[in-house]
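A.B. asks:
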Ligand code: UDP
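In this note's numbering, the protein residues as written are 6 to 326.
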């Protein structure tokens, strides 16, 4: 890759985006972060050009694309909570779909044609198969959030056909952990994700609510595939390398191929923190699929992705810093 040219990372102050940015910087790249700070963290003394702004702002995008030698875009910016998207779907369609269309229009206009899309396992919804591969049908998607990711993937396929955009869509399963020593944070407001919530409740000694204990799973709680955020970041970088080699646009699952139930994750957090977590059974959360576990074969064999955190315990321990 041409190290003199920059990578634009949207949502680069967010949880996954900041780890992706750091990973690219460590590989020697110039990174321009574009983030509106609706979420995310202040990136003080971060070795990137950090621009506060919206990836749906065509004037700002036109200025960025005509001022800097941007070779590719990694699109991590999005509204990301499946549960919140049930309450306010229009803001999800606006942030995740309409504004992404504006970003793509400006890319095409300025001849920036390489695009890595941070998609989500939420595209799969409720499925029968134990392991999900990229061929599983997407008609079962259960939340507006998941639908926005499906829509952008469809838009990307059309853009590839009509404008020569080359894209990789990464269907990221549940990211967790922190790159040790990075000073980065998982800082969602409100925080809705399982592992950071468990972490807080363990130390604050407040009850943790398990959303649904009547699922058709061995212990009745939902199952997810947890991928360390460092490994998710490396997958985004691998996707860029893949595009730089002029490979065809494609879609890859980024998951470990192993599922953990909510109750198993609770035990793992208790083990790492050495704190007992007080749990309460609660109703199912609207829009939650029962089980989402990746078949990561394609990412490992075609992208050459090699996750380094192979187990949940060591990944959770990364939260200790
Ligand atoms: N969950 C829970 N209690 C909470 C937060 C999450 O039981 O306070 C469950 C949630 O219902 C889901 C799993 O933890 O089954 C993972 O949820 P998270 O929000 O972390 O990720 P999602 O899979 O929804 O993207």
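From the three backbone atoms N, C-alpha and C, an ideal C-beta is built for every residue, glycine too.
These numbers come from a predicted model, not from an experiment.
Quick one: grab the DSSP three-state call for residue 124.
C.D. replies: Here the question's residue 124 lines up with position 119 in the chain shown. It is a strand residue.
A.B. asks: Taking the beta carbon of residue 276 as the centre, do at least 16 other beta carbons fall within 10 Å, making it buried, or is it exposed?
C.D. replies: Taking the first residue of the chain shown as position 1, residue 276 is located at position 271. It counts as exposed.
A.B. asks: Are the beta-carbon atoms of residue 12 and residue 79 separated by less than 8 Å?
C.D. replies: Taking the chain shown and counting its residues from 1, the one referred to as residue 12 is at position 7. Taking the chain shown and counting its residues from 1, the one referred to as residue 79 is at position 74. In this structure, residue 79 lies closer than 8 Å to residue 12 by Cβ.
A.B. asks: If you drop the 5 nearest sequence neighbours on each side, which residues of the same chain put their C-beta closer than 6 Å to that of residue 82?
C.D. replies: Taking the first residue of the chain shown as position 1, residue 82 is located at position 77. Cβ neighbours of residue 82 beyond the five flanking positions: 15, 16 and 60.
A.B. asks: Apart from the five residues just before and just after residue 118, which ones in its own chain have a Cβ nearer than 8 Å to its Cβ?
C.D. replies: Counting from one through the chain shown, the residue named residue 118 turns up at place 113. Once the five neighbours on either side are set aside, the close Cβ partners of residue 118 are 112, 168, 169, 170 and 171.
A.B. asks: Expressed to the nearest angstrom, what Euclidean distance is found between the alpha-carbon atoms of residue 110 and residue 201?
C.D. replies: By 1-based counting over the chain shown, the position of residue 110 is 105. By 1-based counting over the chain shown, the position of residue 201 is 196. The straight-line gap from Cα to Cα measures roughly 36 Å.
A.B. asks: State yes or no: is the C-beta of residue 17 nearer than 7 Å to some heavy atom of ligand 1?
C.D. replies: On the chain shown, residue 17 is found 12 positions in, with the first residue counted as 1. Result no, Cβ not under 7 Å from ligand 1.
A.B. asks: Is residue 73 helix, strand or coil when you go by DSSP?
C.D. replies: As a first step, residue 73 must be located in the chain shown, where it is residue number 68. Reduced to three states, the DSSP call for residue 73 is coil.
A.B. asks: Sort 92, 76, 198 and 237 by Cα distance to residue 9 and report the nearest one.
C.D. replies: Numbered from 1 along the chain shown, position 4 holds the residue referred to as residue 9. Closest by alpha carbon: 76.
A.B. asks: Under 8 Å between C-beta atoms, does residue 274 make it to chain B?
C.D. replies: This model lacks chain B altogether; it includes just one protein chain.
A.B. asks: Can you say whether residue 214 is buried or exposed, counting buried as having 16 or more other CB atoms within 10 angstroms of its CB?
C.D. replies: Position 209 of the chain shown, counted from the first residue, corresponds to residue 214. Looking at its Cβ environment, which holds fewer than 16 other Cβ atoms inside 10 Å, residue 214 is exposed.
A.B. asks: Let me check understanding here. Comparing Cα to Cα, which of 23, 238 and 44 lies closest to residue 52?
C.D. replies: Translated into the one-based positions of the chain shown, residue 52 becomes position 47. Comparing Cα-Cα distances from residue 52 to each of 23, 238 and 44, the minimum goes to 23.
A.B. asks: Would you say residue 81 touches ligand 1, meaning its beta carbon is less than 7 Å from a heavy atom?
C.D. replies: Position 76 of the chain shown, counting from 1, holds the residue named residue 81. Result no, Cβ not under 7 Å from ligand 1.
A.B. asks: Can you tell me whether residue 286 is buried or exposed, with buried defined as 16 or more other CB within 10 angstroms of its CB?
C.D. replies: Within the chain shown, numbered from 1, the residue matching residue 286 stands at position 281. Exposed, because fewer than 16 other Cβ atoms sit within 10 Å of the Cβ of residue 286.
A.B. asks: Which residue from 256, 148 and 314 puts its Cα closest to that of residue 162?
C.D. replies: As a first step, residue 162 must be located in the chain shown, where it is residue number 157. Minimum Cα distance to residue 162 is reached at 256.
A.B. asks: Alpha carbon to alpha carbon, what distance is there between residue 103 and residue 269?
C.D. replies: Counted from its first residue, the chain shown places residue 269 at position 264. Counted from its first residue, the chain shown places residue 103 at position 98. Those two C-alpha atoms are separated by around 38 Å.
A.B. asks: Is residue 92 near ligand 1, with its Cβ less than 7 Å from a heavy atom?
C.D. replies: Position 87 of the chain shown, counted from the start, is the residue given in the question as residue 92. Checking the Cβ of residue 92 against ligand 1 gives no.
A.B. asks: State the start and end residues of the unbroken alpha helix (DSSP H) segment that holds residue 85.
C.D. replies: Translated into positions along the chain shown, residue 85 becomes position 80. Counting along the chain, residue 85 falls outside any alpha helix (DSSP H), and DSSP gives it neither H nor E.
A.B. asks: At what residue ranges does the stretch 192 to 222 contain a whole run of the alpha helix (DSSP H), taking only runs of 4 or more?
C.D. replies: Complete alpha helix (DSSP H) runs here, min 4: 199 to 209.
A.B. asks: In whole angstroms, what is the alpha-carbon distance linking residue 198 and residue 26?
C.D. replies: As a working mapping, residue 198 is identified with position 193 in the chain shown. As a working mapping, residue 26 is identified with position 21 in the chain shown. Between residue 198 and residue 26, the C-alpha separation is close to 22 Å.
A.B. asks: Could you check the C-alpha separation between residue 282 and residue 116 for me, to the nearest Å?
C.D. replies: On the chain shown, position 277 is the one that residue 282 refers to. On the chain shown, position 111 is the one that residue 116 refers to. Rounded to whole angstroms, residue 282 to residue 116 spans 52 Å at the Cα level.
A.B. asks: Could you tell me if the beta carbon of residue 273 falls within a distance shorter than 7 Å of some heavy atom in ligand 1?
C.D. replies: Working through the chain shown from its first residue, we reach residue 273 at position 268. Because no heavy atom of ligand 1 lies under 7 Å away, the Cβ of residue 273 does not count as near it: no.
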